[in-house]
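The listed protein sequences derive, respectively, from chains A and B. Going left to right, the first sequence walks through residues 1 to 391 as full-length UniProt numbering numbers them. Going left to right, the second sequence walks through residues 1 to 391 as full-length UniProt numbering numbers them. No residue lacks a Cβ here, since even glycine has one placed at the ideal position from N, Cα and C. Predicted model only: the values in this text are computed from it and were never measured.
Number of protein chains: 2
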Amino acid sequence: MATSTAPKSLLRPMTFPRKLLLGPGPSNMSPRVAAACALPLLGHMHPEFVQIMDEVKEGIQYIFQTNNSLTLAISGTGHAAMEAACCNLLEPGDVILVAWNGTWGERFSDMAARNGADVRIVKKPAGSVFSPQEIEKAVTEHGPRVVYLTHGESSGGTLQPLDGMGVVCRRHGCLLVVDAVASIGGAPLYMDKWGIDVLYTGAQKVLSCPPGASPISFSAAAESKMAARRKKPVSFYLDMGWLANYWGCDGQPRRYHHTAPISNLYALREGLAILAEEGLEDCWRRHRRCAELLHAGLEDMGLTLFVDRPEHRLPTVTPVRVPTGIDWKEVSQYVMKHYKVELSGGLGETANEVWRIGLMGHNATPDNVRLLLRALKEGIDHCRSKVHSSL
Amino acid sequence: MATSTAPKSLLRPMTFPRKLLLGPGPSNMSPRVAAACALPLLGHMHPEFVQIMDEVKEGIQYIFQTNNSLTLAISGTGHAAMEAACCNLLEPGDVILVAWNGTWGERFSDMAARNGADVRIVKKPAGSVFSPQEIEKAVTEHGPRVVYLTHGESSGGTLQPLDGMGVVCRRHGCLLVVDAVASIGGAPLYMDKWGIDVLYTGAQKVLSCPPGASPISFSAAAESKMAARRKKPVSFYLDMGWLANYWGCDGQPRRYHHTAPISNLYALREGLAILAEEGLEDCWRRHRRCAELLHAGLEDMGLTLFVDRPEHRLPTVTPVRVPTGIDWKEVSQYVMKHYKVELSGGLGETANEVWRIGLMGHNATPDNVRLLLRALKEGIDHCRSKVHSSL
């Protein structure tokens, strides 16, 4: 039987420009991470690979500041970790309270509803955060078994204060799930001290790894809820019972579950190692310093930050308002064309309202801040001069 | 607040040996694929990346021999593609007939049951395949909406003949799902001509890519069934409605759904390009020739192949019986220690019964066959001499 012919598009070399990714993620890989991606494959059950998995686990425990034994990386990108939290923790009929102040609350609500949960929402506009009092009021009203909060809301650029939220949840007998995809490593977070029960993140932000392996951790209380499930989770791929075994978290001999994304775990191991070498506190400080430099520079240019209160600003992703009369997209295209720098638009509520500037991991340097400010100013001036000349 | 200290295990370089992976997967990456893994990241919505996604799609259409527009790569390893097939196609109460002749039928049954399907099973021992008559008899008995078959059953080493199965399924108004994780590129398969409705595979076998992005394709009939769903799939991450849009399969402007595993898609693009350059038919022939060379060599050594009939042998993964009195694991360990070659054990029914030898993609060369045969013979001789000297 004859075959159809090979597509011509594949018969030429793959070429594309090197860009500086200063959007909300991915950030650029560090050279060490890139080198790790190209290392020869090992089998997914080989002892050398199991050791790398163990080191990844220790690294995640460190960046999450947790001693949870059920700590591992999901074999997918950040949304897969969100889904793993959802589908393992929630059972049909469970009431979950989602604190929704941007795209990630919306996404978690969608996933929870698909899993049959009874989703209750407490909503605030993008750019604002929740107080423990607001959460306690909503918890009292809805009586949820699980509460969801976004630590780093990259659509609205907020850093949700979490200290005290665990106490509220424990007082009302519910579990606390936190999304830290955009914030981990870029702002203080103490999973155990703050009483967070489920925490997850992605690889392509502060860790400066390619997306595809996503850290997650569950407290003993979350494990108890999962152990008491009436039915298995719908997902086999994300079933925490199987994954706990594959990642050596249950004290049993490891059984084959699925083939892990081997190269992504090499990269994640290296990204975690780079963070461990710098030290978590120094890494938090570096991100804070770069963000402050950026914020000052933007205000010097006469621009307005989307988040009013400095203490609620996410250091890793900064939304800044697009001035009246300027087309955000034209400026972004100018910056890409002339500097090969990514400058993102808004997302969800903030679409067309803001640019979002990411300074994460390998990319969080004063030099990149200065380059971005120069490029943005030029882009805005270019658009303004076009507007004027067309009047 | 003080942080816990960084784990010492991360503060030393990552080192491990280069191995020749002649198990059932992963296979070794080709140098071009490894180089692609280290390329600088692009944004997951950048035009250059969208072009790579388009090329990946064309490459998958080619290796699947399909014109289906709903053709893309799932952002996870092979099991994620299996789960995507399951959770999008099946609704609670749907009857599915699973042809189970090894581990993959078992896995698909598990996933289908989690999705609420009414799972009926037609079972044969590992090492045997199904005839169209056997499938038609079971379809007549159970009246399923969906039939599942494994093309390359890597646990039993069988290549399931598929020509004629699509006709049976269409005659009875059901859809045909085929798992080709272990076979694609290594044995003839014509998705459209054979009337397959859903086909999926992995990246780490004949494509010689790192695991983490997994090709899948749906026929128009499968799309119709999905369009008529009463409820959304439980998985948001794997929701084919969203993914069809993100992969440009629905004719609408692409919306952000999730961050794709960017480097894995670079690698997949390169793996598909290497296969396109060789040509699908030549690639099938190379795998067939290497398998025949291996089979002859094993029989020359007095060993017995697990699958009796040559036409039912999977060219990519060969199970061979462990001779009486020999410990399979000891031989595998010998071969790893002295040659750094992976020689796998059995899986499921074939555990402890066989070694499994994989010759896939970059690794499918006559030189590798000869090396494996020499190493295996030495390993067996070594174990025999130990047995004798202990008598």
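The Cβ atoms of Asp179/A and Met82/A lie closer than 9 Å to each other. Contact between Cys383/A and Ser263/B is absent: CB atoms are separated by about 34 Å, not below the 8 Å threshold.
A straight-line Cα-Cα distance of about 5 Å links Ala203/A and Pro211/A. In chain order, Thr259 make up the part of chain B whose C-beta sits under 7 Å from the C-beta of Gln204/A. In the displayed model, Arg18/B falls within coil according to three-state DSSP, outside both helix and strand. Beyond the five residues adjoining it in sequence on each side, Gly248/B comes within less than 8 Å, by CB distance, of Val50, Met53, Asp54, Lys57, Arg254 in the same chain, given in chain order.
For Glu311/B, the closest of Ala291/B, Lys337/B, Gly302/B by C-alpha to C-alpha distance is Ala291/B. Counting only the Cα atoms, Leu10/B lies some 12 Å from Gly279/A. Following the DSSP letters along the chain, one finds Ser109/B inside the alpha helix (DSSP H) bounded by residues 103-114.
Annotation: the continuous alpha helix (DSSP H) that includes Trp242/B extends over 240-246. In the same chain as Asp308/B, and ignoring 5 residues on each side of it, the C-beta atoms closer than 8 Å to its own belong to Gly127, in chain order. In the structure shown, Thr304/A adopts coil according to DSSP, grouped into three states. Rounded to whole angstroms, the Cβ separation of Ala187/B and Gly164/B is 16 Å, and the two are not in contact under 8 Å. The region 330-368 of chain B is shown to contain whole beta strand (DSSP E) runs of 3 or more residues at 354-358, in chain order. Within the region 167-181 of chain A, no residue has its Cβ closer than 7 Å to any Cβ of chain B. The beta-bridge partner set that DSSP reports for Val122/A consists of Ala99/A.
Under DSSP, Phe218/B takes part in a beta bridge, and its partners are Leu70/B, Val198/B. For His338/B, no CB of chain A lies under 9 Å from its own CB, so it is not counted at the interface with that chain. Checking the DSSP bridge columns, you'll see Glu153/A partnered with Thr158/A.
No Cβ-Cβ contact shorter than 9 Å links Leu373/B with Thr365/B. Per DSSP, Asp179/B lies in no alpha helix (DSSP H); the unbroken beta strand (DSSP E) holding it starts and ends at 175-179.
Looking only at Pro26/A, Thr71/A, Met14/A, the smallest Cα-Cα distance to Ser208/A is reached by Pro26/A. The beta carbon of Met1/A falls within 9 Å of a beta carbon belonging to chain B, placing the residue at that interface. For Arg321/A, the three-state secondary structure derived from DSSP is strand. Beta bridge pairing from DSSP links Val167/A with no other residue.
One thing to note: Gly78/B has its Cβ within 9 Å of the Cβ of Tyr200/B. Nearest Cα to Thr259/B within the set Asn368/A, Gly23/A, Ser219/A: Gly23/A. One Cα belongs to Leu293/A, the other to Val317/A, and the distance between them is close to 13 Å.
Taking 9 Å as the threshold, the shortest C-beta distance from Lys329/A to chain B does not fall below it. For the C-beta of Phe218/B, not a single chain A residue is nearer than 8 Å; the gap to the nearest is close to 18 Å. Around the CB of Tyr256/B, fewer than 16 other CB atoms lie within 10 Å, so the residue is classed as exposed.
Residue pairing from DSSP places Tyr148/A in a beta bridge opposite Val98/A, Val177/A. Around the CB of Pro125/B, fewer than 16 other CB atoms lie within 10 Å, so the residue is classed as exposed.
Here the region 328-336 of chain A makes no contact with the region 155-170 of chain A; the two share fewer than three CB pairs at distances below 8 Å. Within chain A, the residues Met1 have their CB atoms less than 7 Å from the CB of Tyr190/B, given in chain order.
The C-beta distance from Ile380/A to Val320/A rounds to 11 Å, too long to meet the 8 Å contact threshold.
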